[in-house]
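Everything below concerns the one structure shown next.
2 protein chains.
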Amino acid sequence: MLPPEETAYTIAQLSEQQQTRMLSQLATVQPELAANLIELFADDHAADMMEELPAEAAAAIFDEMDSDDQTDVLSELDDEDIEAILRQMDPQQADETRQRLQYDEDTAGGLMISEYLAYRKDQRVDEVISDMRANADKYQDYQVLYVYVVDSREHLVGVVTMRSLLFAPPDRRLMDIKLLDAITAPVDAELDTLEDLVDRHDYAAVPVVDADSRLVGVVMRSAIKTAISERSEENLAKFGGIIGGEELRSMSLNTRTVRRLAFLCPNIALFMISVSVIAFYEPVIADIPALAIFLPLIAGMSGACGYQSMAVSMRELTLGLLRPHDLRRVVAKELTMGAINGAVIGIVIGLLAWTMRPEAQRLGLVLAIAFTINCVFSVIVGGTLPLLFKRIKVDPAMLSGPVMTTFIDAGGFLLTLLLASAIML
Amino acid sequence: MLPPEETAYTIAQLSEQQQTRMLSQLATVQPELAANLIELFADDHAADMMEELPAEAAAAIFDEMDSDDQTDVLSELDDEDIEAILRQMDPQQADETRQRLQYDEDTAGGLMISEYLAYRKDQRVDEVISDMRANADKYQDYQVLYVYVVDSREHLVGVVTMRSLLFAPPDRRLMDIKLLDAITAPVDAELDTLEDLVDRHDYAAVPVVDADSRLVGVVMRSAIKTAISERSEENLAKFGGIIGGEELRSMSLNTRTVRRLAFLCPNIALFMISVSVIAFYEPVIADIPALAIFLPLIAGMSGACGYQSMAVSMRELTLGLLRPHDLRRVVAKELTMGAINGAVIGIVIGLLAWTMRPEAQRLGLVLAIAFTINCVFSVIVGGTLPLLFKRIKVDPAMLSGPVMTTFIDAGGFLLTLLLASAIML
């Protein structure tokens, strides 16, 4: 078999129909291989491929997947498709999966796996080791860095490391060698909380408990890091105007077109707001047509300044160095910077205008002043907008850009045309 | 002590001088605490703070850091600063660090740690276990998921899992219980190769070997995932026009201003290229001033279409589903999509123009045709530009946006004004 990156690349080149045919055939003869292939793809992409399969074939593949990958991919499907697939699966596994599907993807419940070792607290070290030996085959795919210790009602009472199991006398009971300060995560713990937990304690896995403190799963440090890495990559795509960050070119033309238009159409409305400022001042343009050259320049350069400030805010938010209520700090830090950069670039633009259109007197002055003011406005809008979106619980990656552009463009057009009509006419 | 995210946030609120004073004081009394604090920050931010410290204080802190964090932060400093700090450190550790600094940050050499367990192949299981017991304190911070087996010349000959050490008879030699197919990474292996390696084999750590197959370190899966996530986040900041993706608002005003201007100034030149198209057609604007309203709309909406296509290409490149030579595939996939979305949005823009300026006959038609053609052009430029930059080994995150905007704006202005002068005058 090819190395995985080659396989993924090769499959991505196939049409949707070819992918479906290949997976349907594999599902009947080698479901485990099909599951490994599916796991190579991003969740949304994998879901797109599974959606096209007959429920029986999909169920055969899902049966072979790790529980967290299974939930990730299933949760991207429609409710109907999910039920059709679950009905074809092993009933007990289907019930467990149904349970896990209730949790949000990027929470402890959504990221946890069910393949872990849990033993009762009164079991002895040698009992545990002989169970591990006896079931070596079954536990082969398990994460066995820790053994979880539970009481008779499945409440987590401690954790035993493989290392302490290795060093303990065979007749000791688990409750006597367990770590006392076992950290746990509630099923609804969010991604950033989980990352913080594993980073702080340097643990490879965190046990997950429900509201009654019952052990329900284990989240691996690697699953947390992978989810964070996927979130960052999706944010980049959202920033570029891809809803959900989820388009891939192997998806159908119809899906891709509709999704892109769903972002573009509201954008037309936003642009209409800013260009209506120019419409209002059309007589000024008729008098000084050279303004038409510089309006896109003022708007574009202001936009570049705004995006820089927005990028810094989004990075500081991710790193936890900035919080949604720190508006004053952002404004203070951006104000001076915006004034300096605004004046520098404003003067350059003014000189360029004066060189290009020396006959349009005071045009350079108008542009220099308008740009300086609008640059201050732009860096403040760009820096604060992601914070404001966070405060109202809206994902800043998707909306900050277009909304900021509207404000910045409108500001640039208004300042330039207002000053031009005041100073130049 | 506060939880780490609180601590990081609190420190980020301090001015540079306050941070320096706090760290200098901590370095003398509690260097380990200072090291833990520094490790909370992104590498570039941590380096900024260390740079301000006296070399002696910095060395005291570096001495307490994990080897991979140490290298990451040091590599952000100037060569002179690095030497000044290394001279103050324990000579043996300084030599090891100097060695590691030769590797690129995002390669196996840059990501590996030196805290791992290696034993000679003829050692027995009980010898290993008693060494581990005897040195439990020293090994406390070690990654002990695997024991590495080397021959007399430090060549890696195999890996033993903690689990097999647990199950093996005490008198067996390591060479008899080692895994035969130990995977290794060369010191210069790149990030994507490393990710692929750990994902394919589901290993928590990969041993790193030099050109002579000597074991030189171990890269943890979590270090790989963290580096990938940091790279995505830096890409987002670069995409927003922050050079190196590295600005934080706690840096000095001077650094921030100069860095932002270094990106903005070349942008003025790029914008001058596109707006010079309008300058060339200024007489047409004088005749039809309503065009000034719609030029920014055409350019802005085309830009939004181009950014979507660029975002998909960048994501597919990251996921390994697209390669720098796949230009034809991108063009084929974007062509139809661009034509459909271009026509849909072109008609909307045409109707809006006709509603707003019914007296400007054929303006709607001009805009609809110009936008449709420019949208096809935009999605093709946006989709292929990151591939072209990759082919010439230029980081696409930083340059793709501004260069694309220049092409798209110039195309939109040219098509609209050319058609307007042909059809409307």
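Protein sequence lines, in the order shown, are assigned to chains C and L.
Residue 10 is where the first sequence starts when you use the working numbering, and the numbers rise one by one after that.
Residue 10 is where the second sequence starts when you use the working numbering, and the numbers rise one by one after that.
Yeah, the Cβ is synthetic: ideal placement off N, Cα and C, and Gly gets one too.
All values reported here derive from a predicted model rather than from experimental measurement.
Subject >> Status (buried if at least 16 other CB within 10 Å, exposed otherwise) for Leu188 of chain L >> reply: Classification for Leu188 of chain L: exposed.
Original post:
Under 7 Å Cβ-Cβ, which residues of chain L neighbour Lys342 of chain C?
Top reply: The contacting residues are Arg258.
Original post:
Can you list the residues of chain C that Phe176 of chain L reaches, using a CB-CB cut of under 9 Å?
Top reply: The answer, in chain order, is Ile138, Met141, Arg142, Ala145.
Original post:
Opposite Gly127 of chain C in the DSSP bridges: which residues?
Top reply: First, the amino acid is wrong: residue 127 of chain C is Ala here, not Gly. Paired residue(s): C:Tyr157.
Subject >> Own chain residues within Cβ distance below 8 Å of His210 of chain C, not counting five before or after >> reply: For His210 of chain C, the CB contacts under 8 Å within the same chain, skipping 5 residues up- and downstream, are Ile192 in chain order.
**OP:** Along the beta strand (DSSP E) that carries Thr29 of chain L, what are the first and last residues, could you check?
**Re:** No beta strand (DSSP E) contains Thr29 of chain L, which is instead part of the alpha helix (DSSP H) from 25–38.
**OP:** Determine the closest residue to Val239 of chain L out of L:Leu428, L:Gly253, L:Thr381, with distance taken between C-alpha atoms.
**Re:** Sequence inspection shows Glu at residue 239 of chain L; the Val mentioned does not correspond to that position. Minimum Cα distance to Glu239 of chain L is reached at L:Gly253.
**OP:** Report yes if the C-beta distance between Ala377 of chain L and Thr425 of chain L is below 7 Å; otherwise report no.
**Re:** Contact: no.
**OP:** May I ask which residues mark the beginning and end of the alpha helix (DSSP H) holding Ala191 of chain L?
**Re:** Neither: Ala191 of chain L is in no alpha helix (DSSP H) and is coded neither H nor E.
Original post:
Apart from the five residues just before and just after Ala369 of chain L, which ones in its own chain have a Cβ nearer than 7 Å to its Cβ?
Top reply: Non-local beta-carbon contacts of Ala369 of chain L in its own chain, meaning distances under 7 Å to residues more than five positions away in sequence, involve Ile297, Ala299 in chain order.
Original post:
Beta carbon of Ala431 of chain L: closer than 6 Å to some heavy atom of the ligand FMN?
Top reply: As far as ligands go, the structure on display features none, and thus does not contain the ligand FMN.
**OP:** Anything in the segment 320–339 of chain C with a Cβ closer than 9 Å to a Cβ of chain B? List those residues in chain order, please.
**Re:** The question asks about chain B, but that chain is absent: this structure's protein chains are C and L.
Original post:
In chain C, what lies closer than 9 Å to Met121 of chain L by C-beta?
Top reply: Proximity of chain C to Met121 of chain L at the Cβ level (cut-off 9 Å) is not reached, the minimal Cβ distance being about 17 Å.
Subject >> Chain-order list of residues whose beta-carbon lies under 6 Å from that of Val286 of chain C (same chain, five-residue window excluded) >> reply: Residues of the same chain with a CB within less than 6 Å of the CB of Val286 of chain C, apart from the 5 flanking positions on each side, are Ala419, Phe422, Leu423 in chain order.
Subject >> C-alpha gap between Ser173 of chain C and Ala93 of chain C, whole angstroms >> reply: Their backbone Cα atoms lie some 45 Å apart in a straight line.
Original post:
Would you say Ala352 of chain L reaches chain C, if we count a Cβ-Cβ gap shorter than 7 Å as a contact?
Top reply: No - not a single Cβ of chain C is within 7 Å of the one on Ala352 of chain L.
**OP:** For the alpha helix (DSSP H) containing Ala66 of chain L, list its first residue and its last residue.
**Re:** 64–72 is the span of the alpha helix (DSSP H), which, as asked, contains Ala66 of chain L.
Original post:
In whole angstroms, what is the alpha-carbon distance linking Arg269 of chain C and Ala352 of chain L?
Top reply: Straight-line Cα distance between these residues: approximately 13 Å.
Subject >> CB of Leu175 of chain L within 7 Å of CB of Val158 of chain L, strictly >> reply: Going by C-beta atoms, Leu175 of chain L is not nearer than 7 Å to Val158 of chain L.
Subject >> Residue nearest to Asp180 of chain C in terms of C-alpha spacing, selected from C:Leu86, C:Gln101, C:Leu200, C:Gln132 >> reply: Of the listed residues, the one whose Cα sits closest to Asp180 of chain C is C:Gln132.
**OP:** Using a Cβ-Cβ cut-off of 7 Å, state whether Glu148 of chain C counts as contacting chain L.
**Re:** For the sequence presented, residue 148 of chain C should be read as Tyr rather than Glu. Taking Cβ atoms only, chain L never reaches closer than 7 Å to Tyr148 of chain C, which makes this a no.
Original post:
Three-state secondary structure (DSSP) at Ala301 of chain L?
Top reply: Note: Ala301 of chain L maps to helix in three-state DSSP.
**OP:** Express the C-alpha separation of Ala271 of chain L and Ile251 of chain L in angstroms, rounding to a whole number.
**Re:** Rounded to whole angstroms, the separation of the alpha carbons of Ala271 of chain L and Ile251 of chain L is 9 Å.
Original post:
Helix, strand or coil for Gly167 of chain C per DSSP?
Top reply: Residue state, collapsed to three classes: strand.
Original post:
Thinking just about the alpha-carbon of each residue, which of L:Ala288, L:Met98, L:Met59, L:Pro292 is nearest to the one in Ser84 of chain L?
Top reply: Selected option, being the one with the closest Cα: L:Met59.
**OP:** Kindly indicate which residue of L:Tyr151, L:Leu154, L:Asp185 has the alpha-carbon position closest to the one of Val166 of chain L.
**Re:** Checking every option, the nearest Cα to that of Val166 of chain L belongs to L:Asp185.
Subject >> Amino acids of chain C, ordered along the chain, whose beta-carbon sits closer than 8 Å to that of Ala5 of chain L >> reply: The structure shown does not extend to residue 5 of chain L, since chain L is modelled only from 10 through 434, so no value can be given for it.
**OP:** Using alpha carbons as the reference points, say which of L:Ile382, L:Leu372, L:Gly391 lies closest to Ser430 of chain L.
**Re:** The shortest Cα separation from Ser430 of chain L among L:Ile382, L:Leu372, L:Gly391 belongs to L:Leu372.
Original post:
Which stretch, first to last residue, makes up the beta strand (DSSP E) that contains Pro216 of chain C?
Top reply: For Pro216 of chain C, the enclosing beta strand (DSSP E) covers residues 214–218.
Original post:
Taking the alpha-carbon positions, what's the Thr202 of chain L to His334 of chain L distance?
Top reply: Looking at the backbone, the Cα of Thr202 of chain L and that of His334 of chain L are separated by about 19 Å.
Original post:
What do you get for Cys274 of chain C, buried or exposed, if any count of 16 or more other CB atoms within 10 angstroms of its CB means buried?
Top reply: Residue environment analysis places Cys274 of chain C among the exposed positions, since fewer than 16 neighbouring C-beta atoms fall within 10 angstroms of its C-beta.
Original post:
In the structure shown, what three-state DSSP assignment does Met141 of chain C receive?
Top reply: Assigned with DSSP and collapsed to three states, Met141 of chain C falls in helix.
Subject >> Glu204 of chain C at chain L interface by Cβ criterion, 7 Å >> reply: No - not a single Cβ of chain L is within 7 Å of the one on Glu204 of chain C.
Original post:
Comparing the C-beta of Gln26 of chain C with each C-beta of chain L, is any distance below 7 Å?
Top reply: Taking 7 Å as the CB threshold, Gln26 of chain C stays off the interface with chain L.
Subject >> Counted within 10 angstroms of its Cβ, other Cβ atoms place Ala341 of chain C as buried (16 or more) or exposed >> reply: Ala341 of chain C sits exposed, since fewer than 16 C-beta atoms from the chains shown fall within 10 Å of its C-beta.
Subject >> Beta-carbon separation (whole angstroms), Arg107 of chain L vs Gly118 of chain L, contact threshold 8 Å >> reply: So it is not a contact: roughly 12 Å between Cβ atoms.
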